[in-house]
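In the working numbering, each residue carries its 1-based index in the sequence shown increased by 154.
Note that the Cβ used here is the ideal one computed from N, Cα and C, for glycine as well.
As structure tokens, the structure follows; a few thoughts come after it.
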Amino acid sequence: MADERIEVDEIEVHRDSHVFLRFADGYEARFDVGPLRLACPCAECRSRRDLGQPVIAPLAAANVAIADARLVGAWGLGVDWNDGHATGIYAWEVLRHWAEQTEGEPTFERTDLPSPAQAAGDAAPPPDGFDGGFS
Ligand SMILES: [Zn+2]
């Protein structure tokens, strides 16, 4: 039996501002494009976040918009961003979890944040040549 909490009835893509979803159980959520871009779930952006690097250059972040979006099967939304990045697929299940967890305050993937132990110095050192910046 299908899970109505991770099925979506209605999708609105407002390219310059937000994505609106209504789930099959009536739950509604709005995702602003900036946080959505920063939360890109693709492998490249994940590893950038893991390294503490910006996912997107600050200038691009200020002008982020959706260039195109498409359904991916029945389980998510594929987004092409105006910065040329198009590898992230946002699963309904992940978006639902995000919306419920944050109640509109976008702090995607809290579990990706360093734990107190990591912040205290247990984190892996940066690779050789890592300059700590975004070029
Ligand atoms: Zn990405």
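Asked	Found
Cβ-based burial, W235 [other Cβ within 10 Å; buried from 16]	buried
Cβ pair A183, A253 closer than 9 Å	yes
Ligand 1 heavy atom lying under 8 Å from the CB of P208	no
Three-way DSSP call (helix, strand, coil) for D179 in this model	coil
Simplified DSSP state of W246, which is helix, strand or coil	helix
Nearest candidate by alpha-carbon position, reference E247, set Q255, H172 and I210	Q255
Coil, strand or helix - A219 by DSSP	coil
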